[in-house]
Amino acid sequence: KMYSDGSVIQLTTQRRKFSSVIMNNKGFVSGSENDGCVYLYDGQKVMQISEPLAYPYITDINKKGQVVWHGGDESGLNIYCFDGRNTQKITDFGFNISPQIADNGIIAWLGSDNSTSGLNLFRYVGNKSYQLTFDDEGYGDIHMSANGQIVMNGSDGQDAEIFFYDGHNVKQLTNIMPAI
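Taking this note's numbering, the leading residue of the sequence shown gets 15, the next gets one more, and so forth.
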């Protein structure tokens with residue numbers, strides 16, 4: 015059910031347990047724990063935009079209505095994107111979480127191909143993935159601006175720090191000294 019203009023609207027007659035609901039001015043999207051599918055409500059109708067996945071978790075929707083999420087399949091926990099018409103699997107390896115999508119369609123996420131012990135930052139632009147960090151320390155939360163700049167927390171090997179990706183380089187913004 016959805017509240018809109020002073021009234022509650024029922025979106026589906028099926029009994030489902032929805033999780034990770036997010037929204038923007040184009041509608042809202044949610045993952046279903048019942049059948050493992052991702053659903054998008056565009057203001058007119060509810061559409062299924064994914065095949066069944068283990069643990070679908072929606073993390074972002076941009077101004078154009080493009081949606082990114084992670085979900086499990088036979089090759090691991092992967093990143094998926096609905097571009098408004100089609101759904102595409104962005105990754106096909108390892109452990110990938112927390113995708114974000116900029117208004118220009120650039121996607122960023124944290125992932126591991128199991129060659130390092132930590133999560134590294136990845137970026138997807140124009141049908142190609144790029145790994146932006148290459149270390150064992152790992153990163154935590156990421157947030158992306160509408161134009162694709164990324165801020166994240168992570169470790170410099172000693173303590174927690176804040177890092178920034180400006181479109182070309184990852185820069186450490188803080189240098190917090192560890193407690194003695």
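Idealized CB from N, CA, C, for every residue including glycine. Remember, predicted model here, so these are calculated numbers, not experimental data.
{"query": "Residues bridged to Leu54 (per DSSP)", "result": "Val43, Met61"}
{"query": "Whole beta strand (DSSP E) elements within the region 95 to 140, 3-residue minimum", "result": "101 to 103, 109 to 115, 121 to 126, 134 to 139"}
{"query": "Buried/exposed call for Val35, threshold 16 Cβ in 10 Å", "result": "exposed"}
{"query": "Bridge partners - Asp74, DSSP secondary structure assignment", "result": "Val82"}
{"query": "Pick from Val82, Asn134, Ile75, Ser112 that is closest to Asp149, judged by C-alpha positions", "result": "Asn134"}
{"query": "Reduced DSSP category for Gln145 - H, G, I as helix; E, B as strand; rest coil", "result": "strand"}
{"query": "Residue burial classification, Met166 (beta-carbon count within 10 angstroms, cutoff 16)", "result": "buried"}
{"query": "Anticipated Cβ contact below 8 Å, Asp117 with Lys77, distance rounded", "result": "5 Å"}
{"query": "Validate contact between the region 77 to 96 and the region 104 to 123 using beta carbons, cut 8 Å, 3 pairs", "result": "yes"}
{"query": "Neighbourhood of Ile63 by C-beta distance below 6 Å, restricted to the same chain and skipping five residues each side", "result": "Val52, Leu54, Phe96, Thr101"}
{"query": "Buried or exposed (CB count within 10 angstroms, at least 16 for buried), Leu187", "result": "exposed"}
{"query": "Supposed contact pair Gly79 and Asp56 - C-beta distance, whole angstroms, cut 8 Å", "result": "7 Å"}
{"query": "Trp123 vs Asn141 beta-carbon contact at 8 Å", "result": "no"}
{"query": "DSSP state of Leu91 mapped onto helix, strand, coil", "result": "strand"}
{"query": "Span of the beta strand (DSSP E) around Ser169", "result": "164 to 169"}
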